[in-house]
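These notes are about the structure you will find just below.
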Amino acid sequence: MSYVLTAAQPTADAPLTLPAPPAPRKRSAIPLAAAVVPILGGLGMYLLTQSVIALMFAALGPVMLVATMLDAARGKRADARRYRKEIRQAVAAVTAQIDTQHDAERALRWSTHPDLSRLTEREEEFWRVHPQREGTVVVGAGTMGMGLEVARGIDGDEAQKLRQYATTLQRAPLVLPLDGGVCVRGEPLVARAVLRALVLQACCTHAPEQLRIVLGEQAEEWMVALPHVRYSTAARVLAVAVAEPIPAAISLNWCLPGDPLPAGCRTVIDIGADLRGVVSRDSLRHEVAAEAIAGLQATAIAQVLAAKANEARAIEPIVYFADLAQHPGEPHRELPVALGRSGSTAVTVDIVNDGPHAVVVGTTGSGKSELLVSWALALCEAYTPEQVTLLLADFKGGTAFDPLLALPHVTGILTDLNGAMARRAVLSLQAEIRRRESAIASAGARDITDARVALTRLVIIVDEFAAMLRQLPELDAVFTDIAARGRALGMHLILGAQRAAGTIKDATLANTPLRIALRVTDATDARAIIGSDDAAQISGGIEGKGVAFVRRAADSLPQRFRSALSTADDVARIAARLPVAAHQDSWWEPLPVRVAVADLPTPARGVAVGIADDTENLRRVPVVIEPGVERGWWVLGGPRSGKTSLAQLMQHSHPDTIRVPADLESAWDCLQTLPTSRATLIVWDDVDSALAAWPEPFAREAGERLEQLVRAAGSRGQTWVLTAQRASGVLSRVADLLPGRVLLAVPSKLDHIAAGGTSSDHDPQKPPGRALMAGAEVQFALVEPRREAAQADPAPVFHPGNGPIGIVARGVHQHVAALHEAWGAEWTIVAVGDAAAAESLNLSRTVLVGDPDQFQRAWAVLERLRNTGTLIVAAECLADVRLLTGERATPPFARPGRWWEFRSGTAPRRVRLVS
């Protein structure tokens with residue numbers, strides 16, 4: 001609840017309203033005209049008549065003016081009195097509404113979180129399962145936030161007090177979560193009394209199966225009688241009065257004022273002699289009137305709890321699975337198993353004849369999961385894997401059915417922890433339906449009961465059917481189909497749910513005549529399942545766990561029984577006596593995380609590079625690429641998705657393969673030679689990175705060349721495999737030319753959808769090599785990373801011949817010393833700007849150096865070099881190449897530090913000046 005002791009404050013549903021402040025009264029104008037006119041008139045009459053009476057008439061004006069002002073003041077005071085009366089009435093009305101809502105909220109909170117005195121007044125509340133009480137205790141009464149708002153209206157002290165009053169709830173339960181150590185600090189008599197109340201309240205609201213109490217040396221003697229101490233084996237542990245903290249346990253202790261707090265203490269209750277104190281938890285502090293109880297009263301309540309536990313254990317003792325004898329029937333026609341006992345009589349159900357499907361409902365803590373596990377275990381004990389197989393689905397945490405994996409009957413367990421595996425089951429179940437239909441039709445039979453049909457009965461057990469449909473709504477249609485046709489096909493559903501209404505469709509419910517109801521909270525649910533309110537009357541305490549009512553189609557009334565409780569020893573015992581049997585799976589196991597190249601089959605044509613999941617036919621098929629036949633594949637994947645491994649696999653699996661080098665210069669050269677290549681498979685890894693790394697115009701020309709080559713791949717008999725992280729620009733057009741689409745793992749769901757996937761099949765945790773291809777899941781073989789053989793430098797060293805040489809670069813003079821050392825002193829190096837440059841062109845061993853601007857100014861020298869000499873241009877001077885050389889074609893890509901050699905009559909080439 002929102003009023004449990006936390007930093008959060010509740011919010012109100014709708015604010016209360018105070019009246020708005022009155023509009024300012026408009027001040028009346030002084031009637032000067034009415035006062036002046038009589039004066040002027042009277043004076044005029046006096047002048048005419050010389051009568052004193054006329055002067056009296058003139059005096060009427062001021063008298064009337066004063067009378068008018070007095071009347072206005074009286075009206076204003078009357079309005080103020082009326083408004084104050086209305087405000088008092090409104091405040092009283094809002095206060096009454098606040099009190100009403102406070103009373104209702106206070107009653108609701110105390111009913112949800114009763115203290116010990118309220119619990120003992122109604123013993124039927126003992127151990128009643130209430131999700132809001134679990135893991136909490138009530139320290140006492142205090143002032144808590146309510147969040148009731150009073151909308152803005154009038155202001156003032158009274159309104160401010162009213163708003164503050166609305167947001168605080170007096171005498172409300174102060175609820176303390178049991179998620180950390182608690183210490184009551186005070187004088188011994190008072191502190192022990194408060195500690196007793198806390199311990200007993202925890203015992204009254206939590207059954208022994210929910211809470212185990214461990215006592216320390218300072219614990220009081222009466223606590224030993226508590227069933228939570230004597231019988232409980234619950235995982236949640238409450239350590240009372242222990243000297244040292246117990247791992248994973250919540251401690252309840254007391255200490256004297258001034259004593260150090262026990263280790264692990266999160267909440268401190270400082271209590272005074274009048275039972276008033278302060279609760280401190282983290283940064284929160286609340287005043288409280290704590291509840292306390294005397295030792296004699298505590299002893300009496302502990303005896304009541306012990307008697308209640310003994311009564312429950314005596315009335316309906318636990319039924320253990322190992323004590324039930326199974327009497328199997330003829331599996332072709334029936335599957336009877338014993339699920340528990342009613343008194344001393346075993347209760348047997350038959351999913352075939354009592355079904356063909358069953359519904360099991362029960363609220364949390366009623367024992368529903370244990371019943372489903374026992375039912376599955378009983379089928380495994382009574383029948384062989386050749387007679388019945390199980391498909392289990394646990395959608396409330398994924399652990400209840402795990403021990404059953406040791407049994408050969410279990411073909412798989414679907415959980416809410418593995419959505420990808422659950423989606424595989426959708427297609428697998430559809431394939432299983434088709435397989436069974438085909439087998440029955442091939443045998444010339446009408447249903448599975450025909451002896452000519454060699455099919456195993458399949459029982460599908462689902463825990464939390466509603467949660468499964470919320471996560472995988474596409475399963476709804478599959479289960480509806482199985483419910484309608486399962487009897488003939490030998491497929492049976494056992495659907496577990498907390499309630500049937502709104503969870504299981506009427507069409508499915510109509511085909512599930514076998515009904516089992518454990519404890520439910522709503523009598524309507526009980527009547528909908530078993531036709532009576534009996535299941536709603538089952539106790540919520542330990543005595544009610546595992547108690548159920550079963551009603552078969554032929555039953556006139558439901559039968560009460562206690563379901564059997566199985567253990568891990570039962571699973572081990574059954575597994576030990578069963579041989580490991582081969583059986584037809586009802587669903588296909590996931591692809592292996594890693595596939596070795598040696599495990600790939602050898603296809604009749606092409607090269608196998610992985611295995612694909614043919615879920616519809618429950619088989620795996622090789623993934624084959626046929627170099628020279630198909631145009632190619634577009635492989636999209638993020639980092640560490642396996643795309644580079646796939647490129648290496650294809651490179652080394654086919655002899656006529658060219659892999660475009662990662663080096664940008666070598667990749668450029670490769671693109672130029674591919675039109676004349678006879679290779680049938682061309683692999684380019686991270687093509688998007690290469691195109692992004694090339695500057696313009698190389699990137700544009702490389703993209704256009706790639707598009708031309710891929711378009712012509714069919715006519716040339718070439719197959720392209722391109723890998724990338726994303727497709728944009730020219731790569732989008734190239735990707736559209738390649739029919740094979742491989743989608744490996746990508747970082748985000750948006751990238752996955754943009755690449756052609758759907759939101760439901762996005763799995764960021766895909767192992768390397770796992771991909772989607774043509775709607776099927778594929779696992780490509782992974783190869784160990786190989787270091788490629790060292791390749792020759794794509795830029796040979798320039799060796800000068802006869803004739804003048806022009807070297808164009810910015811800052812070229814810094815290369816003069818290296819040139820002298822490499823070419824020898826017989827070469828004369830001259831700056832192109834020198835006057836003797838023109839004459840130097842006649843010398844066979846002259847090197848002219850300068851930057852692009854200098855060569856452009858020496859146009860005659862540049863023209864002579866173009867025609868009779870050699871021009872060496874630095875790669876950094878790409879923007880000046882066309883003007884300097886007259887070449888319109890783009891030279892081969894060269895990275896910074898490289899040079900281009902331009903010689904008349906030959907194509908430009910990439911070179912190094914020195915080795």
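Take 1 as the starting number for the sequence shown in full-length UniProt numbering and just add one per residue. The C-beta atom is built at its ideal place from N, Cα and C for all residues, glycine as well.
Under three-state DSSP, which class holds A338? The residue labelled residue 338 in the question sits at position 338 within the sequence shown. DSSP places A338 in strand when its eight states are reduced to three.
Report the residue ranges of all beta strand (DSSP E) runs contained in full by the stretch 669 to 723; include only those spanning at least 3 residues, in chain order. 681 to 684
Got a sec? Which residues, its chain only, sit under 6 angstroms from W720 by beta carbon, not counting five neighbours each side? If you number the sequence shown from 1, residue 720 lands on position 720. Same-chain partners within the cutoff: G632, I682, V710, A713.
Cβ neighbour criterion (16 or more within 10 Å) applied to G897: Within the sequence shown, numbered from 1, the residue matching residue 897 stands at position 897. Under this definition G897 is an exposed residue.
Opposing strand residues paired with residue 967 [DSSP bridges]: The chain is shown from 1 up to 915; residue 967 falls before or after that span and cannot be answered.
Consult DSSP for H583 and reduce its assignment to one of helix, strand or coil. For the purposes of this step, residue 583 is taken as residue 583 along the sequence shown, with counting starting at 1. For H583, the predicted model reports a pLDDT of 47, less than 50, meaning its position is unreliable and no value from the coordinates is stated.
Put A378 into one of helix, strand or coil per three-state DSSP. To locate residue 378, count along the sequence shown from 1; it is residue 378. In the structure shown, A378 sits in a helix (DSSP, three-state: H, G or I).
So R562 and V547 are supposed to be a Cβ contact under 8 angstroms. How far apart are they, rounded? Residue numbering aside, residue 562 sits at position 562 when the sequence shown is read from its first letter. Residue numbering aside, residue 547 sits at position 547 when the sequence shown is read from its first letter. About 5 angstroms; that satisfies the 8 angstroms criterion.
Just the C-alpha distance for R866 and F902, rounded to the nearest angstrom, thanks. Locating residue 866 in the sequence shown gives position 866, counting from the first residue. Locating residue 902 in the sequence shown gives position 902, counting from the first residue. Those two C-alpha atoms are separated by around 8 angstroms.
Could you check the C-alpha separation between G412 and L458 for me, to the nearest Å? Locating residue 412 in the sequence shown gives position 412, where the first residue counts as 1. Locating residue 458 in the sequence shown gives position 458, where the first residue counts as 1. So the two alpha carbons sit approximately 12 angstroms from each other.
Look up A273 in the DSSP assignment and say whether it is helix, strand or coil. Locating residue 273 in the sequence shown gives position 273, where the first residue counts as 1. Correct three-state label for A273: coil.
Please classify V139: does DSSP put it in a helix, a strand, or coil? Here the question's residue 139 lines up with position 139 in the sequence shown. Residue state, collapsed to three classes: strand.
So, are the CB atoms of V304 and V288 less than 9 angstroms apart? Within the sequence shown, the letter at position 304 stands for residue 304. Within the sequence shown, the letter at position 288 stands for residue 288. No, the Cβ-Cβ distance between V304 and V288 is not below 9 angstroms.
Contacting residues, own chain, Cβ-Cβ under 7 angstroms from V426 (five flanking each side not counted): Position 426 of the sequence shown, counted from the start, is the residue given in the question as residue 426. Closer than 7 angstroms at the Cβ level, and outside the excluded window around V426, lie L472, E474, L475, V478.
Cβ pair L339, L518 closer than 9 angstroms: Position 339 of the sequence shown, counting from 1, holds the residue named residue 339. Position 518 of the sequence shown, counting from 1, holds the residue named residue 518. For L339 and L518, no; Cβs fall outside 9 angstroms.
Terminal residues of the beta strand (DSSP E) in which T870 lies: Here the question's residue 870 lines up with position 870 in the sequence shown. Run containing T870: 870 to 874, per the beta strand (DSSP E) assignment.
Among the candidates V66, M64, I39, whose CA atom is the shortest distance from the CA of I53? Indexing the sequence shown from 1 puts residue 53 at position 53. Comparing Cα-Cα distances from I53 to each of V66, M64, I39, the minimum goes to I39.
Which whole runs of the beta strand (DSSP E) in the stretch 453 to 479 are 3 residues long or more, in chain order? Runs of the beta strand (DSSP E) inside the stretch 453 to 479: 457 to 463.
Minimum length 3: unbroken beta strand (DSSP E) runs contained in the stretch 472 to 526: 491 to 497, 514 to 517
If you follow the beta strand (DSSP E) that I625 is part of, which residue opens it and which one closes it? If you number the sequence shown from 1, residue 625 lands on position 625. Note, I625: beta strand (DSSP E), 619 to 625.
Among the candidates D323, A554, E311, whose CA atom is the shortest distance from the CA of G541? Position 541 of the sequence shown holds residue 541. Comparing Cα positions, the closest option is E311.
Within 9 angstroms, strictly: CB atoms of A207 and W110: On the sequence shown, residue 207 is found 207 positions in, with the first residue counted as 1. On the sequence shown, residue 110 is found 110 positions in, with the first residue counted as 1. No, the Cβ-Cβ distance between A207 and W110 is not below 9 angstroms.
Determine whether the beta carbon atoms of M468 and A568 lie at a separation below 9 angstroms. What you label residue 468 is simply residue 468 of the sequence shown in a count that begins at 1. What you label residue 568 is simply residue 568 of the sequence shown in a count that begins at 1. Not a contact, by the Cβ cut-off of 9 angstroms.
When you compare only the Cα positions, how much space is there between S438 and Q498? Along the sequence shown, read from residue 1 onward, the residue named residue 438 stands at position 438. Along the sequence shown, read from residue 1 onward, the residue named residue 498 stands at position 498. Cα to Cα, the separation comes out at about 36 angstroms.
Counting only the same chain and skipping the five closest in sequence on each side, list residues whose C-beta sits under 7 angstroms from that of residue 925. Residue 925 is absent from the structure shown; the chain starts at 1 and stops at 915.
Would you say R280 and R560 are within 9 angstroms of each other, going by their C-beta atoms? Translated into the one-based positions of the sequence shown, residue 280 becomes position 280. Translated into the one-based positions of the sequence shown, residue 560 becomes position 560. Residue identity check: residue 280 is Ser in the sequence provided, not Arg. Against a cut-off of 9 angstroms, the Cβ pair of R560 and S280 comes out as no contact.
Best match in T112, L335, G365, V138 for proximity to A290 [C-alpha to C-alpha]: The count along the sequence shown starts at 1 and reaches residue 290 at position 290. Of the listed residues, the one whose Cα sits closest to A290 is V138.
Anticipated Cβ contact below 8 angstroms, G142 with H286, distance rounded: Within the sequence shown, residue 142 is the residue found at index 142, counting from 1. Within the sequence shown, residue 286 is the residue found at index 286, counting from 1. With 8 angstroms as the limit, G142 and H286 qualify as a contact, their Cβ atoms being about 5 angstroms apart.
On the three-pair Cβ rule with 8 angstroms, is the stretch 852 to 859 touching the stretch 667 to 675? no
Under 9 angstroms between the Cβ atoms of L116 and L200? Working through the sequence shown from its first residue, we reach residue 116 at position 116. Working through the sequence shown from its first residue, we reach residue 200 at position 200. A contact, by the Cβ cut-off of 9 angstroms.
Please list, in chain order, all residues of the same chain as G905 whose beta carbon is under 6 angstroms from its beta carbon, the five residues on each side excluded. In the sequence shown, the residue the question calls residue 905 occupies position 905. Contacts found: none.
Do the stretch 801 to 815 and the stretch 615 to 626 make contact, defined as three or more Cβ pairs closer than 8 angstroms? no
Per-residue burial, W859 [other beta carbons within 10 Å of its own, 16 or more giving buried]: Position 859 of the sequence shown, counted from the start, is the residue given in the question as residue 859. Counting Cβ neighbours within 10 Å, W859 comes out exposed, since fewer than 16 surround it.
I'd like to check one pair, A191 with C265: are the Cβ atoms closer than 9 angstroms? By 1-based counting over the sequence shown, the position of residue 265 is 265. By 1-based counting over the sequence shown, the position of residue 191 is 191. No, the pair does not count as a contact, with Cβ atoms beyond the cut-off.
Output the distance between the C-alpha atoms of A376 and L578, rounded to the nearest integer angstrom. The count along the sequence shown starts at 1 and reaches residue 376 at position 376. The count along the sequence shown starts at 1 and reaches residue 578 at position 578. For A376 and L578, the distance between alpha carbons rounds to 15 angstroms.
Identify, in the order they occur along the chain, each residue of the same chain with its Cβ nearer than 8 angstroms to the Cβ of A835, setting aside the five sequence neighbours on each side. Here residue 835 refers to the residue found at position 835 when the sequence shown is read from its first residue. In this prediction, A835 has a pLDDT of 46, which is less than 50 and means its spatial position is unreliable; nothing more can be read from the coordinates.
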